[in-house]
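Just below is one structure, and these are the notes that go with it.
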Amino acid sequence: MNTYKIKVNYQTGDSENSNDATDDLGYIWNNLDACKASLKAIEEHYTFYMLLRKEYNMSKKQLEEALAKAEKQPWFTKNWENQLFIVDDKMERMPTSAFWCGYFESLWDAEIVTEQSDMKISFR
């Protein structure tokens, strides 16, 4: 049986250094459709995050309208800048950290990777 993870490639660092990093969300799916829905949530969340991050000159009304629209999205949480909802195998929402969002972070890409435990041997 195949299982699936979402692998995230992003840039992180501090005021003096930056480096590329790769992490997964820490959840393993059996349901590929649920994993795909979670990947789509990451895309929509990050697109919204970047829109508001780059649009500093939005009027208060424009910002309120953008937030009102985002609040209707299944990924939206009250702490949306650092967190989003993804779905589990039963398509039920669960919160996850948006660790690729931050002052020094930039999301490069995210992808679904297949875990096939019968395709690996180890001698450790």
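Just so you know, we're using the numbering used here here: the sequence shown kicks off at 56 and counts up by one.
Note that CB positions come from ideal geometry on N, CA and C, so glycine has one too.
No experiment lies behind these values; they were computed from the predicted model shown.
Counted as a single uninterrupted DSSP element, the beta strand (DSSP E) harbouring Ile61 occupies residues Thr58 to Gly68. Under the three-pair Cβ rule at 8 Å, the stretch 123 to 130 does not count as touching the stretch 62 to 74. Contact between Asp79 and Lys62 is confirmed by a C-beta separation of about 5 Å, below the 8 Å threshold. In its chain, beyond the 5 residues on either side, Ala96, Ile97, His100, Trp130, Phe131, Thr132, Pro150, Thr151 and Ala153 have a beta carbon closer than 8 Å to the beta carbon of Leu139. DSSP links Gln128 through a beta bridge to no other residue. Ser73 sits in a strand when the DSSP states are folded into three classes.
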